[in-house]
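Sequence lines, in order, name chains A and B.
Quick note on numbering: the first sequence equals residues 85 to 255 in this note's numbering.
Quick note on numbering: the second sequence equals residues 463 to 662 in this note's numbering.
All C-beta atoms in this analysis are idealised placements derived from N, C-alpha and C, irrespective of residue type, glycine included.
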Amino acid sequence: MSISWPDDIFTELQAARIRQVAYVPDAGHSQLLQRCHADPGMHAVSLTSEEEGVAMLAGAWLGGDRGVLLLQSSGVGNCINMLALNQECRIPLLALVTMRGEWGEFNPWQVPMGQATEPSLAAAGVHVYRAETADTVAETVRAAAMLAFHSYRAVAVLIAQRVIGTKRFEK
Amino acid sequence: MSEHPAASALDRRAVTARLLRDRGDALVVAGLGGPAYDVTAAGDTPLNFYLWGAMGGAAMMGLGLARAQPRRRVVVITGDGEMLMGLGSLATIGADAPGNLALVVLDNEHYGETGMQLAHTGRGVDLAGIARAAGFADAAAVRTAAELEAIARRLCTAPGPLFAAVKISAETPPMRLPPRDGTYLRSRFREALLGSEAHR
């Protein structure tokens with residue numbers, strides 16, 4: 085079943101002239117990833133670990149391309165040292181983080197990094213926005229892209245687990 | 463004489479100067495530590511971007527830059543310790559297969575910046591073999607002047623992604639420090655590459 089907020093994000097990414105998409109596969113971003121891969125104007129790259137995307141998109145911006153990093157909250161922990169690039173060089177970063185370890189989480193191993201996501205990003209100099217409801221995702225992504233690319237800042241949008249839906253393990 | 467066993471007799475400054483001699487309009491990313499000093503010694507230009515941190519990120523910066531500038535050659539020059547920290551990026555680059563990216567590891571088999579501790583490359587880990595297995599179109603281990611000459615000729619012309627692990631001597635030449643201010647480095651790079659578009 086198709087849901088609308090991933091398509092809303094895709095529309096915002098197109099409007100923001102995003103050309104490179106770096107991601108570690110995530111269920112919450114699966115619909116958006118399909119849209120990005122299908123767009124001939126975007127180059128989507130699957131990563132082995134999220135910090136690769138921080139570096140890749142810094143290189144992209146040096147070369148004149150805007151990019152977006154799509155990741156899950158657990159992947160934020162992998163990015164911390166690489167974010168020095170963005171803070172020291174004032175290189176824009178737009179990261180869209182699907183949250184785990186909060187609303188109705190079944191897997192306790194997701195909870196530690198889920199709790200640490202926002203303070204870790206803030207400590208690394210990243211501006212953090214949260215989208216708590218499906219109908220505010222698009223405007224939040226739009227504002228984050230503006231701050232990132234017009235004000236040369238690293239910005240993360242945390243998409244609440246309540247928006248994505250709790251992962252079901254009983255099949 | 464160095465107290466550390468030499469990976470080869472090749473001098474890192476001479477290697478870097480030869481590799482970049484015919485760079486033309488190539489864009490260069492230099493990994494932190496020795497390779498940044500070597501690239502500086504070979505000739506500072508706005509189209510060099512030097513890292514002073516972000517260890518493990520040099521190769522991936524090269525990938526993003528290569529995809530943004532498909533008509534330019536992008537050359538990443540980094541050290542074996544830096545490459546080992548970003549080993550997964552060899553898989554990512556092998557899978558994405560950018561034709562205009564060349565990745566050179568100056569491999570002295572040690573961590574030169576922190577007291578010359580032995581690296582895995584000095585324990586038998588073969589970076590060129592890993593790159594080849596990850597799908598690089600061209601992956602060479604370089605130990606001699608003749609092999610260096612061959613890779614230098616391919617560096618900016620052969621279809622990529624190209625990888626070369628150049629075994630170098632463990633001698634440490636005098637530091638040649640590039641600018642450290644990240645905002646300066648990124649602004650001069652973008653302005654030289656993009657002109658007024660850099661400020662839009």
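Taking only runs that begin and end inside the segment 493-522 of chain B, name each unbroken alpha helix (DSSP H) of 4 or more residues, in chain order.
Fully enclosed alpha helix (DSSP H) runs of 4 or longer: 496-504.
Give me the subset of the segment 497-516 of chain B whose CB atoms are less than 7 Å from a CB atom of chain A, sorted by chain position.
Cβ contacts with chain A come from Phe511, Gly515, Ala516.
Taking C-alpha atoms, which residue in Ala530(B), Gly543(B), Ala488(B) lies nearest to arginine 585(B)?
Position 123 of the second sequence, counted from the first residue, corresponds to residue 585(B). Per the Cα distances, Gly543(B).
Roughly how many angstroms lie between the CA atoms of serine 464(B) and alanine 654(B), to the nearest whole one?
Position 2 of the second sequence holds residue 464(B). Position 192 of the second sequence holds residue 654(B). Reliability of the predicted coordinates at serine 464(B) is poor, the pLDDT of 48 falling under 50, and the value obtained from them is presented with this limitation in mind. The straight-line gap from Cα to Cα measures roughly 40 Å.
Let's test the definition: count the other Cβ atoms within 10 Å of the Cβ of asparagine 562(B) and tell me whether it reaches 16, buried, or not, exposed.
Numbered from its first residue, the second sequence carries residue 562(B) at position 100. Result: buried.
Residues of chain A with CB closer than 9 Å to the CB of methionine 545(B), please, in chain order.
For the purposes of this step, residue 545(B) is taken as the residue at position 83 of the second sequence. Those do not exist, as methionine 545(B) stays about 13 Å from chain A at its closest Cβ, beyond 9 Å.
Using only CA atoms, which one of Met545(B), Met547(B), Gly524(B), Leu546(B) lies nearest to valine 536(B)?
On the second sequence, position 74 is the one that residue 536(B) refers to. Checked all of Met545(B), Met547(B), Gly524(B), Leu546(B); the closest Cα to valine 536(B) is Gly524(B).
Note down, in chain order, every chain B residue with its Cβ under 8 Å from the Cβ of aspartate 149(A).
Here residue 149(A) is taken as the residue at index 65 of the first sequence, counted from 1. Correct list: Gly526, Arg529, Ala530.
Would you say valine 537(B) touches the ligand SAM, meaning its beta carbon is less than 7 Å from a heavy atom?
Annotation note on the ligand SAM: not contained in the displayed structure, which lists no ligands.
Under a CB-based cut-off of 8 Å, is leucine 141(A) close to chain B?
The count along the first sequence starts at 1 and reaches residue 141(A) at position 57. Yes, its Cβ sits closer than 8 Å to a Cβ of chain B.
Beta carbons nearer than 9 Å to chain B: which residues of the segment 120-131 of chain A have them?
The segment 120-131 of chain A vs chain B, Cβ under 9 Å: His127, Val129, Ser130, Leu131.
Which residues in chain B have a C-beta closer than 7 Å to the C-beta of leucine 169(A)? List them in chain order.
Position 85 of the first sequence holds residue 169(A). Going along chain B in sequence order, the residues near leucine 169(A) (Cβ under 7 Å) are Ala516, Gly519.
What are the start and end residues of the beta strand (DSSP E) that includes alanine 668(B)?
Chain B is shown from 463 up to 662; residue 668(B) falls before or after that span and cannot be answered.
Can you give the Cα-Cα distance for threonine 502(B) and phenylalanine 253(A), rounded to whole angstroms?
The residue given as residue 502(B) occupies position 40 in the second sequence. The residue given as residue 253(A) occupies position 169 in the first sequence. Taking the straight line from one Cα to the other gives about 54 Å.
Please classify valine 152(A) as buried or exposed, where buried requires at least 16 neighbouring CB atoms within 10 angstroms.
Numbered from 1 along the first sequence, position 68 holds the residue referred to as residue 152(A). Under this definition valine 152(A) is a buried residue.
Cysteine 173(A) touches chain B at which residues, Cβ-Cβ below 8 Å?
In the first sequence, the residue the question calls residue 173(A) occupies position 89. What cysteine 173(A) touches in chain B: Gly644, Thr645, Leu647, Arg648.
Look at the alpha carbon of alanine 206(A) and the alpha carbon of glutamine 171(A), and state the distance between them as a whole number of angstroms.
Translated into the one-based positions of the first sequence, residue 206(A) becomes position 122. Translated into the one-based positions of the first sequence, residue 171(A) becomes position 87. When rounded, the distance between both Cα atoms is 11 Å.
Could you give the distance in angstroms between the alpha-carbon of tryptophan 187(A) and the alpha-carbon of glutamine 194(A)?
The count along the first sequence starts at 1 and reaches residue 187(A) at position 103. The count along the first sequence starts at 1 and reaches residue 194(A) at position 110. Approximately 11 Å, taken between the alpha carbons.
Keeping to the same chain, check which residues put their C-beta closer than 7 Å to that of tyrosine 573(B); ignore five residues upstream and five downstream.
The residue you call residue 573(B) lines up with position 111 of the second sequence. Only Gly543, Gln579, Ala581 meet the Cβ criterion.
Quick check on leucine 656(B): does DSSP put it in helix, strand or coil?
The residue given as residue 656(B) occupies position 194 in the second sequence. Helix, per DSSP.
Inspect the beta-carbon positions of glycine 496(B) and arginine 480(B) and report whether they are closer than 8 Å.
Indexing the second sequence from 1 puts residue 496(B) at position 34. Indexing the second sequence from 1 puts residue 480(B) at position 18. No, the Cβ-Cβ distance between glycine 496(B) and arginine 480(B) is not below 8 Å.
Just confirm the distance between the C-beta atoms of alanine 627(B) and alanine 603(B), as a whole number of angstroms; I'd bet it's less than 8 Å.
In the second sequence, residue 627(B) corresponds to position 165, counting from 1. In the second sequence, residue 603(B) corresponds to position 141, counting from 1. Between alanine 603(B) and alanine 627(B) the Cβ distance is about 5 Å, and since that is below 8 Å, they are a contact.
Using a beta-carbon distance below 8 Å, is methionine 166(A) in contact with chain B?
Along the first sequence, read from residue 1 onward, the residue named residue 166(A) stands at position 82. Cβ-Cβ to chain B under 8 Å: yes for methionine 166(A).
Quick one: which residues of the segment 557-571 of chain B get their C-beta closer than 8 Å to a C-beta of chain A? List them in chain order.
Answer set for the segment 557-571 of chain B: Ala557, Asp558.
Am I right that serine 157(A) and methionine 197(A) are in contact with their C-beta atoms under 8 Å? What's the rounded C-beta distance?
Stepping through the first sequence from its first residue, residue 157(A) is reached at position 73. Stepping through the first sequence from its first residue, residue 197(A) is reached at position 113. Indeed they touch by this definition, with Cβ atoms about 6 Å apart.
Measuring CB to CB, does alanine 215(A) end up less than 8 Å from threonine 224(A)?
In the first sequence, the residue the question calls residue 215(A) occupies position 131. In the first sequence, the residue the question calls residue 224(A) occupies position 140. Cβ distance < 8 Å, so alanine 215(A) and threonine 224(A) count as in contact.
Per DSSP, threonine 540(B) is paired with what?
As a working note, residue 540(B) is residue 78 in the second sequence. Looking at the DSSP assignment, threonine 540(B) forms a beta bridge with Val567(B).
Can you tell me which residues form a DSSP beta bridge with arginine 150(A)?
On the first sequence, position 66 is the one that residue 150(A) refers to. According to DSSP, which records beta bridges pairwise, arginine 150(A) is partnered with Ile102(A).
In whole angstroms, what separates the C-alpha of arginine 642(B) from that of histidine 211(A)?
Here the question's residue 642(B) lines up with position 180 in the second sequence. Here the question's residue 211(A) lines up with position 127 in the first sequence. Between arginine 642(B) and histidine 211(A), the C-alpha separation is close to 24 Å.
Going straight from the alpha carbon of threonine 645(B) to that of phenylalanine 651(B), what length do you get?
Residue 645(B) sits at position 183 when you count from the first residue of the second sequence. Residue 651(B) sits at position 189 when you count from the first residue of the second sequence. Their backbone Cα atoms lie some 10 Å apart in a straight line.
Pull up the distance between the alpha-carbon of methionine 183(A) and that of valine 490(B), whole angstroms please.
Along the first sequence, read from residue 1 onward, the residue named residue 183(A) stands at position 99. Along the second sequence, read from residue 1 onward, the residue named residue 490(B) stands at position 28. For methionine 183(A) and valine 490(B), the distance between alpha carbons rounds to 37 Å.
What's the gap between the Cα of alanine 614(B) and the Cα of cysteine 120(A)?
Counting from one through the second sequence, the residue named residue 614(B) turns up at place 152. Counting from one through the first sequence, the residue named residue 120(A) turns up at place 36. The straight-line gap from Cα to Cα measures roughly 37 Å.
Can you tell me whether DSSP reads valine 490(B) as helix, strand or coil?
Within the second sequence, residue 490(B) is the residue found at index 28, counting from 1. Here valine 490(B) sits in strand by DSSP.
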